[in-house]
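*Asks:* Got a structure here, written out as C-alpha cells. Questions coming.
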Amino acid sequence: MSKTLIRGAKVLGGDPQDVLIDGGTVAAVGTGLSAEGAEVVEAAGKVLLPGLVDLHTHLREPGREDSETVLTGTRAAASGGYTAVFAMANTFPVADTAGVVEQVWRLGKEHGYCDVRPVGAVTVGLEGSTLAELGAMHESAAGVTVFSDDGKCVHDAVIMRRALEYVKAFDGVVAQHAQEPRLTEGAQMNEGVVSAELGLGGWPAVAEEAIIARDVLLAEHVGSRVHICHLSTAGSVEIVRWAKARGIRVTAEVTPHHLLLTDELVRTYNPVYKVNPPLRTERDVLVLREALADGTIDIVATDHAPHPHEDKDCEWAAAAMGMVGLETALSVVQETMVDTGLLDWTGVADRMSFAPARIGRAEGHGRPVSVGEPANLTLVDTAYRGSVDPAGFASRSRNTPYEGRELPGRVTHTWLRGTATLVDGKLT
Amino acid sequence: MHRHLISAADLTRDDAVLILDTAEEMARVADRPIKKLPTLRGRTVVNLFFEDSTRTRISFEAAEKRLSADVINFTAKGSSVSKGESLKDTAQTLEAMGVDAVVIRHGASGAPYRLATSGWIDAHVINAGDGTHQHPTQALLDAFTMRRRLVGPDAGIGHDLAGRRITIVGDVLHSRVARSNVDLLHTLGAEVTLVAPPTLLPVGIESWPCEVSYDLDRTLPKSDAVMMLRVQRERMKAAFFPTEREYSRRYGLDGERMRRMPEHAIVMHPGPMVRGMEITAEVADSDRCTVVEQVTNGVSIRMAVLYLLLGGNETALTRTTEEK
Numbered sequence: 001m002s003k004t005l006i007r008g009a010k011v012l013g014g015d016p017q018d019v020l021i022d023g024g025t026v027a028a029v030g031t032g033l034s035a036e037g038a039e040v041v042e043a044a045g046k047v048l049l050p051g052l053v054d055l056h057t058h059l060r061e062p063g064r065e066d067s068e069t070v071l072t073g074t075r076a077a078a079s080g081g082y083t084a085v086f087a088m089a090n091t092f093p094v095a096d097t098a099g100v101v102e103q104v105w106r107l108g109k110e111h112g113y114c115d116v117r118p119v120g121a122v123t124v125g126l127e128g129s130t131l132a133e134l135g136a137m138h139e140s141a142a143g144v145t146v147f148s149d150d151g152k153c154v155h156d157a158v159i160m161r162r163a164l165e166y167v168k169a170f171d172g173v174v175a176q177h178a179q180e181p182r183l184t185e186g187a188q189m190n191e192g193v194v195s196a197e198l199g200l201g202g203w204p205a206v207a208e209e210a211i212i213a214r215d216v217l218l219a220e221h222v223g224s225r226v227h228i229c230h231l232s233t234a235g236s237v238e239i240v241r242w243a244k245a246r247g248i249r250v251t252a253e254v255t256p257h258h259l260l261l262t263d264e265l266v267r268t269y270n271p272v273y274k275v276n277p278p279l280r281t282e283r284d285v286l287v288l289r290e291a292l293a294d295g296t297i298d299i300v301a302t303d304h305a306p307h308p309h310e311d312k313d314c315e316w317a318a319a320a321m322g323m324v325g326l327e328t329a330l331s332v333v334q335e336t337m338v339d340t341g342l343l344d345w346t347g348v349a350d351r352m353s354f355a356p357a358r359i360g361r362a363e364g365h366g367r368p369v370s371v372g373e374p375a376n377l378t379l380v381d382t383a384y385r386g387s388v389d390p391a392g393f394a395s396r397s398r399n400t401p402y403e404g405r406e407l408p409g410r411v412t413h414t415w416l417r418g419t420a421t422l423v424d425g426k427l428t
Numbered sequence: 001m002h003r004h005l006i007s008a009a010d011l012t013r014d015d016a017v018l019i020l021d022t023a024e025e026m027a028r029v030a031d032r033p034i035k036k037l038p039t040l041r042g043r044t045v046v047n048l049f050f051e052d053s054t055r056t057r058i059s060f061e062a063a064e065k066r067l068s069a070d071v072i073n074f075t076a077k078g079s080s081v082s083k084g085e086s087l088k089d090t091a092q093t094l095e096a097m098g099v100d101a102v103v104i105r106h107g108a109s110g111a112p113y114r115l116a117t118s119g120w121i122d123a124h125v126i127n128a129g130d131g132t133h134q135h136p137t138q139a140l141l142d143a144f145t146m147r148r149r150l151v152g153p154d155a156g157i158g159h160d161l162a163g164r165r166i167t168i169v170g171d172v173l174h175s176r177v178a179r180s181n182v183d184l185l186h187t188l189g190a191e192v193t194l195v196a197p198p199t200l201l202p203v204g205i206e207s208w209p210c211e212v213s214y215d216l217d218r219t220l221p222k223s224d225a226v227m228m229l230r231v232q233r234e235r236m237k238a239a240f241f242p243t244e245r246e247y248s249r250r251y252g253l254d255g256e257r258m259r260r261m262p263e264h265a266i267v268m269h270p271g272p273m274v275r276g277m278e279i280t281a282e283v284a285d286s287d288r289c290t291v292v293e294q295v296t297n298g299v300s301i302r303m304a305v306l307y308l309l310l311g312g313n314e315t316a317l318t319r320t321t322e323e324k
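Those protein sequences? They're chains A and B, same order as listed.
Read in order, the letters of the first sequence correspond to residues 1 to 428 in the working numbering.
Read in order, the letters of the second sequence correspond to residues 1 to 324 in the working numbering.
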C-alpha cells in the first residue's frame, strides 16, 4: 500500500502538523515529516478529523434501490467525510434476520467506500409485536450491535423492556425512534402556531418526550443501554439531561437539519422540508445546539433518508418523509456549532466520530489521530463557502433542504484505512 | 395582475372590498331574465375536484357558465387519479388541453399552493377548499352575506365590516371555513370570537387574530353574526367530545339561545347542516338564518373572483405568499 503524507493540517483544529499514512495506519504525526515516495497532500489551513461515523443512515438496499443502494449511499458517505455508517433496518425485506444484515454488510465490504454496519430490527417486520432474532444478528458476520425499528417506534412497553434486557447479553444497544403513535395519528408537521395556520396535522412535542421519559425509566429499571434517535424538542433534551444526571445509561443524537431548520419553512408547503420527527421551532433549535455543545446530546447523526424525485414532487400530504444528509452534515455542523462558537473541532470530532463509534462499537473507527491507529481520516477545507448543488451529489437521491443555500466547509479528502476514497472533492 | 386565489390571508382590505363590490354587480345579473355575461367567452376553466363537494362545484360551475366560460368538470373518482396518477401529472394533462384556470378542491392542505407555485402549470389557480387549511371563496361569500344583512346591499358598496362582532362556533380544528373567515373578517375590520370545546381548537390558535372562548352563552349577546360550523359525526369516535348530547347542550344553537342574540343578529352556516345537534330546526328555518342566501351569494362571489382574475382589467387579488 502506498504512503501518503498530509502536510500542515490542523489536527482536530489544533496546531498544524504532518501526518504520515503507511499501510493503512497512521505511521507518524509531527512537524517537518518527509517520506520518500509518499504522495503529498498539501493541507495548510485545513482541518484533519478522524473519519466521521454516522450512527443513523438509510441505505435503502435491499428493496428500494431506486432511492439509494449500498454503493451510492457509501459513496455519498465518503463524499461527506464518513468512514463508517450504520444502515437502518427498514429495508424490503426488513433487516430482521441474520441473512439480510449479512447481505447489507457484505455489499458494504465489496464496494469499499466506507464500512457498513447494519442495524438490526428490534421486532419482526418492524411491526412492534414480536422480538426479532437479535442474538442471531449479533452472531452473524455482520456482528450487529445496534438494534432499531427506526421509522417506527417500539411503542409497546413490554416489548421495549424485553429488547433492552435481551441485548445486555452481548452489550447491544436499542436505538429508539421516539414517537407515541396515537398522539401522532395524521401528523404531518410540528404541532404549534404554524400547523394551526396551515391546517396540517400536528406532531406534538409530547409524543416524542413521553416515549423518551418511559424508555429512560425502562433502561434504568433493567440496567441497560438505550439510545434515543433524532431528538427534536427542548423537552426531550430536559428528559435526557435528567436521566443522565440520575446515572441512567442513555445516549442521544440530533440531526444536522434539526440544528438549523425550523417549522417556519413548512409555510412553503415544499415537501423537501417534510421529515420525521418534524422540524420544530427556533427555541427547540437553540436548545438542541446548546445540548449538543454541553454533551447532553452525545452525537450528530444524519438520518440520511433518500427518496426519489417523484416521492417529493407532489402535494405535502402525499410526500414521503425524510431528507438526504450525508454530504452536507459537516457543513451544517460547522455553520450551527463551530461558526457560532458553541463547539471547537475537537468537539466536532467527538460528536461525529469518537462518540458514535463508541455507542455503536464500531471497532477501528472514532480513534485518535495518532501513531498506530487505523488511518480513517477526513480533511476539511473550513474556509470554503459555497451554495449546495444537489446535482453534484453522489447519493442517488436529491431530496436536500439546502439546495441553493450557502454553507461553509467542504470535505476535500477521505481515507478509509489508508486508502483514499475522496481526493480533492472527487470520489476515487 | 395577480394570478391566483389560494388563501383569504393573501387578500388586502382593498382587494376584499373590491371583490365584494364586484359581487354586488354580479348579483344583479342573477336578477335578469338571461343570467349571462360574455366576459369569459373563449376561456376554459376546469373544476378539478379531488374531494366530493357537490355544493361548491355546482356553485363554481354556475358562476363560470354565467360568465360564458367553457367548463370542464373533473372528479378524481373513477379518473386516472384513482389509478395512481399524481396531482402534478393530472394538472399538466389539463394544462396541455389549454386550460386557463383551475378551480381545485383537494383533501390535502397546501395542494392548491403547490399547484400554483411549483411551476407545474401556468393557469390561474383558485382554491375551492384544501384539507383543513383554506376555503377563501367561502369566506368571501360569508363576508358578502354579512355585509348585505348588517350594512345593506347598496349601502354596503365600498364598506368593510369594521366593528362588527362575529362568533364562529364548533369544530374549528378541522375547519378550513373557520381559518379563512378569521383571516378575512380580521382584514375587513371585524372582531371575531371562536367558540368551541378546547379539544376542537388547534394548538397554536393564540397567534390567530381573534378571541377564543369555551362559553357560547356568554358570547351570544354581543354577536352581530353567529356562524355555526358543521360537526362531523365521525369526530366523536376520536374522543373530541363525550357525546352528541353533551356537545349539543354546550355548543348547539337552539331557539332559546338565538333569542339571547341581539335582534339584528344573524345565524350563518356553511352547510350542510346537521339539524338537531349543532342547530335546531327552529333556528335553521328562522328568518335570521342565512343559509340559503349564502348559497345564492356564493355564485355572485365566485363570478366576481373569476371575473377579476381572468377577465377584469383591474388588479384585484394579492400575490401568493411566495410571490410576495
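Just so you know, even glycine gets a beta-carbon here, dropped at the ideal spot from N, CA and C.
Keep in mind the model is a prediction, meaning the values are calculated, not measured.
Thinking just about the alpha-carbon of each residue, which of A:Gly37, A:Leu52, A:Glu42 and A:Ala38 is nearest to the one in Val369 of chain A?
*Replies:* It is A:Leu52.
*Asks:* Is Phe393 of chain A helix, strand or coil by DSSP?
*Replies:* Three-state result, Phe393 of chain A: coil.
*Asks:* From which residue to which residue does the alpha helix (DSSP H) around Gly235 of chain A run?
*Replies:* It spans Ala234 to Ala245 - the alpha helix (DSSP H) in which Gly235 of chain A sits, taken as one unbroken run.
*Asks:* Can you tell me where the alpha helix (DSSP H) with Pro256 of chain A in it begins and where it stops?
*Replies:* Note, Pro256 of chain A: alpha helix (DSSP H), Pro256 to Leu260.
*Asks:* Considering just the uninterrupted stretch of the beta strand (DSSP E) at Arg7 of chain A, what are its terminal residues?
*Replies:* Counting along the chain, the beta strand (DSSP E) containing Arg7 of chain A begins and ends at Thr4 to Val11.
*Asks:* When you compare only the Cα positions, how much space is there between Ser118 of chain B and Pro271 of chain A?
*Replies:* C-alpha separation (whole angstroms): 11 Å.
*Asks:* Looking at the C-beta of Val173 of chain A, does it have a partner C-beta in chain B at a distance below 8 Å?
*Replies:* It does not: the Cβ of Val173 of chain A has no partner Cβ on chain B nearer than 8 Å.
*Asks:* Taking only beta carbons into account, state which residues of the region 197-225 of chain A come closer than 9 Å to chain B, listed in chain order.
*Replies:* Flagged, chain order: Glu197, Leu198, Gly199, Leu200, Gly201, Gly202 and Pro204.
*Asks:* Based on the DSSP secondary-structure assignment, which residues constitute the bridge partners of Thr57 of chain A?
*Replies:* Looking at the DSSP assignment, Thr57 of chain A forms a beta bridge with A:Ala87 and A:His304.
*Asks:* Is the region 62-71 of chain A close to the region 343-363 of chain A, with three or more CB pairs under 8 Å?
*Replies:* No contact exists between the region 62-71 of chain A and the region 343-363 of chain A.
*Asks:* Do three or more CB pairs link the region 45-56 of chain B to the region 121-132 of chain B at distances below 8 Å?
*Replies:* The region 45-56 of chain B is in contact with the region 121-132 of chain B.
*Asks:* Around the Cβ of Glu403 of chain A, are there at least 16 other Cβ atoms within 10 angstroms (buried) or fewer (exposed)?
*Replies:* With fewer than 16 Cβ atoms within 10 Å of its Cβ, Glu403 of chain A is classed as exposed.
*Asks:* Taking all protein chains shown into account, decide if Glu42 of chain A is buried (16 or more other Cβ within 10 angstroms of its Cβ) or exposed.
*Replies:* Looking at its Cβ environment, which holds fewer than 16 other Cβ atoms inside 10 Å, Glu42 of chain A is exposed.
*Asks:* What residue from A:Cys114, A:Glu197, A:Ala95 and A:Ala178 has the CA that sits closest to Gln134 of chain B's CA?
*Replies:* Of A:Cys114, A:Glu197, A:Ala95 and A:Ala178, the residue nearest in Cα terms is A:Glu197.
*Asks:* Going by the CB atoms, is the gap between Ala108 of chain B and Gly131 of chain B shorter than 8 Å?
*Replies:* Contact flag set, yes.
*Asks:* By a C-beta neighbour count over all protein chains shown, 10 Å radius and 16 as the cutoff for buried, is Phe92 of chain A buried or exposed?
*Replies:* By the 10 Å Cβ count, Phe92 of chain A comes out exposed.
*Asks:* Since Trp316 of chain A meets chain B, which of its residues come closer than 8 Å, beta carbon to beta carbon?
*Replies:* Near Trp316 of chain A (Cβ distances below 8 Å), the residues of chain B are Ala108, Ser109, Gly110, Ala111 and Arg114.
*Asks:* Is there at least one Cβ from chain B nearer than 8 Å to Glu282 of chain A's Cβ?
*Replies:* So no, Glu282 of chain A is outside the interface.
*Asks:* Indicate whether the contact test is met: 3 or more Cβ pairs, each with one atom in the region 304-314 of chain A and one in the region 382-399 of chain A, closer than 8 Å.
*Replies:* Taking 8 Å as the limit for Cβ pairs, the verdict is that the region 382-399 of chain A does touch the region 304-314 of chain A.
*Asks:* Which bits of chain B does Ser195 of chain A rub up against, with CB to CB less than 9 Å?
*Replies:* Neighbours of Ser195 of chain A on chain B, chain order: Pro202, Val203 and Gly204.
*Asks:* For the alpha helix (DSSP H) containing Gln188 of chain A, name the first residue and the last one.
*Replies:* Gln188 of chain A -> no alpha helix (DSSP H), and no H or E assigned at all.
*Asks:* Ser387 of chain A lies in the beta strand (DSSP E); which residues open and close that run?
*Replies:* Here the beta strand (DSSP E) through Ser387 of chain A covers Leu377 to Ser387.
*Asks:* Quick one: which chain B residues come within Cβ less than 7 Å of Asp313 of chain A?
*Replies:* The contacting residues are Lys88.
*Asks:* Let me know if Gln92 of chain B comes out buried or exposed under the rule of 16 or more other beta-carbons within 10 Å of its beta-carbon.
*Replies:* Classification for Gln92 of chain B: exposed.
*Asks:* Put Gly45 of chain A into one of helix, strand or coil per three-state DSSP.
*Replies:* Reduced to three states, the DSSP call for Gly45 of chain A is coil.
*Asks:* Among A:Ala44, A:His177 and A:Thr145, which has the Cα closest to the Cα of Met160 of chain A?
*Replies:* Comparing Cα positions, the closest option is A:His177.
*Asks:* Compare the beta carbon distance of Phe49 of chain B and Arg105 of chain B with 8 Å and say whether it is the shorter of the two.
*Replies:* Going by C-beta atoms, Phe49 of chain B is nearer than 8 Å to Arg105 of chain B.
*Asks:* In this structure, does DSSP put Phe241 of chain B in helix, strand or coil?
*Replies:* Correct three-state label for Phe241 of chain B: coil.
*Asks:* State the DSSP-derived secondary structure class of Gln294 of chain B, mapped to helix, strand or coil.
*Replies:* Reduced to three states, the DSSP call for Gln294 of chain B is helix.
*Asks:* Just verifying my parser: in three-state terms, what is the DSSP assignment at Leu330 of chain A?
*Replies:* In this structure, Leu330 of chain A counts as helix in the three-state DSSP scheme.
*Asks:* Bridge partners for Ser213 of chain B per DSSP, in chain order?
*Replies:* Ser213 of chain B pairs with B:Val195.
*Asks:* Counting only beta-carbon atoms, is Tyr269 of chain A nearer than 8 Å to chain B?
*Replies:* Chain B contact via Cβ: present.
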